[in-house]
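Student: Counting from 1, position 321 in the sequence shown corresponds to residue 322 in the numbering used here; the numbering is continuous, with no gaps.
Just dropping this structure here.
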Amino acid sequence: MQRSVYILIMLLFVGNYAAWGNPVNFASTRYGLTFRSHTVNQDERTSLDLSPEESFNLKSGFSMSFDLKLFEANLTYGYVFRIILDEISSFDLVTNLNTEKLNYVLSESGRILKNCEFQCNKDSVTDRWMKIRIDVDENGIRCMVDSTMKIISHQLEGFENVKISFGKNRYSVFYTTDVPPIAIRDLRLYNNEGELIHYWRMQQHNRDEVFDLIGGKRAVVENGIWDIDDHVKWKHCISIPFSEKNVQIACDKEDGIIFIASDKYIYKYNIKSDQIEKMEVKKGQPYKAGGSQLIYDRVKHRLISYSILNDSLIFFNFNNGEWPNHPTEKLAVIQQHNRFVDPVTNTLVVFGGYGNHTYNAELAIHDLDGCKWKIDTISSLLSPRYLSSIGNMGNGKFLLMGGYGSVSGKQEEFPKNLHDLYLIDYRNLSCQKLTEFPVEGPIVYSNSMVIDSLNNNFYTLKFFNDRFHSFLSLFSVDLRTFERKSFADSIPYNFLDSESFCDIFLNKSTNNLCSILLQEKESGFYSVDVYSLSYPPLNWTDILQDKYLDNEVDSKRFVYLLLAGIGVCLILLLTFFFRSKKKVSNITTSNLSDKNTIGLINRKQFSAIYLLGGLQIFDSNGNDITQKFTPVIRQMFLFILLNFIQNGKGITSERLDETFWSGMDKDSASNNRNVNIRKLRLLLKEIGDITLKNEKSYWLLDIGGEVFIDYATIISLLLEDKLSSNFDSRRFAKILELASQGILLPNMITDWIDHYKSEYSGKIINFLLEKSKTVEVQRDLVSMQKIADVVLLHDDIDEEAIRLKCIALYKLGQKGLSKSRFEKFRSDYHHLLNEYPPFTYEELIKKL
């Protein structure tokens, strides 16, 4: 027994040190706080207040350093920082990139004491990080910009009352709204002895606050843009409309250039510069059958169209805008096939596809300077398929993941989703099955994957292929353990089999993941959409900051050792109980819903829209503006919002008129609609980064990352969970906390909203009852009780929920409450159904 306790103690220490030594790796992430400047009004500009609760007491002096980046804009004047000393004096750093100046300005009681100017060449400083440092003591102020230093002499005494702010501030006579277009990071504050006392990295953060990594001091941020958020949320770069289907797409991964070939034009989109060029095709066209595609040969800078049915590759001539003539094609049987170019061997590799009710497992190879396809089949080694994901591993090998197909290749012979991973050598046609993933449902994948050979994993996109309105979700696979990791943000995707297409690549010029979508937006109208995500990708939970967990190494060591010590005490207590021959249940009262939820479950009151438990809307200043929404505007807003969240699509004016003004003639309905939309737009502006737009006669919402919507959040989390095969305690906790707020819009009773309510209730009930069967939840009586409470909110006579509720209460020692809760359920059940439930309380607890 003593040896067992010793081993447990050692494992606990090792586990804690392992957890301490393996946090999320932020080394390669972008970070910093970017300031909203003159492009927005004063209320929307950025401020950073380092002393929101109390002033700094810095005694006889201090130093401050940080990295500063200046951005080009029409208006660039403003305050980088303002330091207020004893409510009398101020010391400012003012910048104006357009006049190529940085000024340190010292003033007292409104009088300018010193103005120290640094010249900065616009071309050399724009969009790069500069080092800024000041050393303040009773003898003077040393001001540094990069390696240049100047000294300001002064007669200031004592620094016991110091306030520090960046950008906009509202301090009495020192207030300013002049904010330059800048970004800052790695903000450090030292005492007069040079000891680092505060460090705001500007990396992990919460919505409107960031904590220093030394002592957890809170700084308040208003209207800030966190650069690290670009690693979490996909950015929509461009949408290019087309009236023809199956335009062909190729990309230059090195420079981040996307080529699109239509019948009449060649489009060239530069992701980094966000510029698009359109070149008219004077003659010819690319191969146009469903199995044709486009590739870019970076070695010789050639745009190549190919067809598996024709040996000749055709090259677009950028000089005269012509495609060469080529034979007429038939419909190829390799629609939605996979392809890549091996740059080492200058070879085009094509695999799989679909056509004529047949799935394909052919491997086609074509030298880019050759004149003939080499085609082999490997259907004896793996199931024919399409909608797979492919990635070049080098040395003639590639990875192939999943897809949809059948063993025989015939569509009528039980096709299904495939969840396997193969390593294939196209030179000798060998095929090694690496793993079979757990079944996730009707999941297929983007055409390509991004392989990270340094970290031995890959990234790809997955989506449901059993519906038109689908979502692309990013995930990674560890090639050592084959564990999968999902990332929270998703991209709306209209999947229409061979008339749609999605791909992903790593843009090496910007180090961003780029997703390309070809999809039908309306009947007969298509678009190519490009999205970008900073690499490596992160989850929202990775970037949320807890002041108690992000201290420097010594603080971390202390926390983990303290936890280890507590663990040792618990083990010793358990040992005592074992020796007393008392049974210890493996069911605990630790609450999964409280685990890892710091900064997540607090009800936000800035730029927030709550639908669960009742409608409540907060503006960007934290004011409750729900009552400003008249009944008509409220219903119209929710009608558009709920449809957008569920379907990702807009609402036509005709449908709005039919729903809300059906008794009016067309002109009256149109006038009423326009008046209410104008009022709604003004109210949305008060909320923050949410706007109502009309695109191609559809009304839809553009919702920025600053606006929190509880219903949208929980729907996204439910989808994320559905796409994941692993139990994620943090995600479960967030869903349970949100669901506990109440049912969807309980006080709104109208016909059009009923199906949203019933669909949400069905989703949340199914999710919670499914999770209640997992080992993780069954060990947590408090979470079981919460699950029952939420389900009973939606259905107060749900039999499984009352079982969970009564059993949890009974095991928690609340036996009287358990019995009385069952009696209430029994009464409600009889009142509604005129019969009693098919089990008694005694039968329920008898099984325990």
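All residues carry an ideal CB built from backbone N, CA and C; glycine is no exception.
Please report the straight-line C-alpha distance between residue 571 and residue 389, rounded to a whole angstrom.
Tutor: Since pLDDT at residue 571 reaches only 49, below the 50 mark, its modelled position is unreliable, and the value read off the structure follows with that caveat. Those two C-alpha atoms are separated by around 50 Å.
Student: Within a Cβ cutoff of 6 Å, which residues of the same chain sit near residue 210, ignoring the five residues on either side of it in sequence?
Tutor: Counting only Cβ-Cβ distances below 6 Å, and skipping sequence neighbours, we find 219 and 221.
Student: At 4 residues or longer, and completely inside the segment 645-731: list those alpha helix (DSSP H) runs for me, N to C.
Tutor: Taking only runs of at least 4 residues, the alpha helix (DSSP H) segments lying wholly in the segment 645-731 are 654-661, 667-688 and 711-724.
Student: Which residue from 86, 132 and 54 puts its Cα closest to that of residue 68?
Tutor: Out of 86, 132 and 54, 132 has the C-alpha closest to the C-alpha of residue 68.
Student: Measuring straight from C-alpha to C-alpha, what distance separates residue 596 and residue 775?
Tutor: Low per-residue confidence applies at residue 596: pLDDT is 38, beneath 50, and the placement is therefore not dependable enough to give any value.
Student: Could you name the residues that DSSP lists as bridge partners for residue 166?
Tutor: In the DSSP output, where bridge partners are listed per residue, residue 166 has 50 and 83.
Student: Which value, in whole angstroms, describes the spacing of the CA atoms of residue 118 and residue 97?
Tutor: If you take the alpha carbons of residue 118 and residue 97, they lie about 11 Å apart.
Student: Expressed to the nearest angstrom, what Euclidean distance is found between the alpha-carbon atoms of residue 290 and residue 514?
Tutor: Between residue 290 and residue 514, the C-alpha separation is close to 29 Å.
Student: For the putative contact between residue 337 and residue 355, defined by C-beta atoms under 8 Å, what is the C-beta separation to the nearest angstrom?
Tutor: Going by Cβ atoms, the distance from residue 337 to residue 355 rounds to 6 Å, so yes, they are a contact pair.
Student: Look at the alpha carbon of residue 699 and the alpha carbon of residue 637, and state the distance between them as a whole number of angstroms.
Tutor: Going by the C-alpha atoms only, they are around 14 Å apart.
Student: Can you give the beta carbon distance from residue 174 to residue 84, rounded, assuming they're within the 8 Å contact cut?
Tutor: The pair is not a contact, with the Cβ atoms about 15 Å apart (cut-off 8 Å).
Student: If you measure between the beta carbons of residue 309 and residue 325, is that distance less than 7 Å?
Tutor: Result no, Cβ atoms of residue 309 and residue 325 do not sit closer than 7 Å.
Student: Does the segment 234-251 come close enough to the segment 288-307 that 3 or more CB-CB pairs lie under 8 Å?
Tutor: Touching, per the Cβ criterion.
Student: Hey, is the segment 415-434 in contact with the segment 387-403, meaning 3+ C-beta pairs nearer than 8 Å?
Tutor: With the cut-off at 8 Å, the segment 415-434 and the segment 387-403 touch.
Student: Whole angstroms is fine: what's the gap from residue 379's alpha carbon to residue 364's?
Tutor: Cα-Cα distance, rounded: 7 Å.
Student: To the nearest angstrom, how far is the alpha carbon of residue 758 from that of residue 697?
Tutor: For residue 758 and residue 697, the distance between alpha carbons rounds to 29 Å.
Student: Cutting at 8 Å between CB atoms, please list the residues of its own chain near residue 89, excluding the five before and the five after it.
Tutor: Only 109 and 110 meet the Cβ criterion.
Student: Looking only at its chain, what residues have a beta carbon closer than 6 Å to the beta carbon of residue 230, apart from the 5 residues adjacent to it on each side?
Tutor: No residues qualify anywhere along the chain.
Student: Quick one, are the C-beta atoms of residue 423 and residue 432 less than 7 Å apart?
Tutor: In this structure, residue 432 lies closer than 7 Å to residue 423 by Cβ.
Student: Going by CA-CA distance only, name the one from 827, 27 and 647 that's closest to residue 714.
Tutor: For residue 714, the nearest C-alpha among the options comes from 647.
Student: Rounded to whole angstroms, what is the Cα-Cα separation between residue 588 and residue 172?
Tutor: Residue confidence for residue 588 is low, a pLDDT of 37 falling below 50, so the modelled location carries little weight; the figure read from the coordinates is stated next. Rounded to whole angstroms, residue 588 to residue 172 spans 54 Å at the Cα level.
Student: Can you tell me whether residue 832 is helix, strand or coil according to DSSP?
Tutor: If DSSP states are grouped into helix, strand and coil, residue 832 belongs with the helices.
Student: Starting from the C-beta of residue 485, find all residues in its chain whose C-beta is less than 6 Å away, skip the five residues before and the five after it, and write them out in chain order.
Tutor: 476 and 478, listed in sequence order.
Student: From the DSSP output, which residues share a beta bridge with residue 432?
Tutor: For residue 432, which the question treats as bridged, DSSP gives the partners 425.
Student: In this structure, how does DSSP classify residue 820 when only helix, strand and coil are distinguished?
Tutor: Helix at residue 820.
Student: Taking the straight line between their C-alpha atoms, what separation do you get for residue 1 and residue 46?
Tutor: Nothing about residue 1 can be read from this structure; the chain reaches only from 2 to 849.
Student: Please state whether the Cβ-Cβ distance between residue 127 and residue 73 is less than 7 Å.
Tutor: Yes, the pair counts as a contact, with Cβ atoms nearer than the cut-off.
Student: Per the contact definition of three or more C-beta pairs closer than 8 Å, is the segment 501-515 in contact with the segment 524-541?
Tutor: Enough Cβ pairs lie closer than 8 Å, so yes.
Student: State the beta-bridge partners of residue 252 as determined by DSSP.
Tutor: According to DSSP, which records beta bridges pairwise, residue 252 is partnered with 259.
Student: To the nearest angstrom, how far is it from the Cα of residue 257 to the Cα of residue 295?
Tutor: Computed Cα separation, rounded: 16 Å.
Student: Identify the continuous alpha helix (DSSP H) that holds residue 543 and give its terminal residues.
Tutor: Run containing residue 543: 541-544, per the alpha helix (DSSP H) assignment.
Student: Quick one: is residue 372 buried, meaning 16 or more other Cβ sit within 10 Å of its Cβ, or exposed?
Tutor: Classification of residue 372: exposed, given that the 10 Å Cβ count is below 16.
Student: Does the segment 728-748 come into contact with the segment 672-685, if we say contact requires no fewer than three beta-carbon pairs (one atom in each stretch) closer than 8 Å?
Tutor: No, they do not touch.
Student: In this structure, does DSSP put residue 753 in helix, strand or coil?
Tutor: Here residue 753 sits in helix by DSSP.
Student: Between which residues of its own chain and residue 706 is the CB-CB distance below 6 Å, once the five residues before and five after are set aside?
Tutor: So the qualifying residues of the chain are 234.
Student: Taking 7 Å as the threshold (beta carbon to beta carbon), is residue 384 in contact with chain D?
Tutor: Looking for chain D here will not work: only one protein chain is present.
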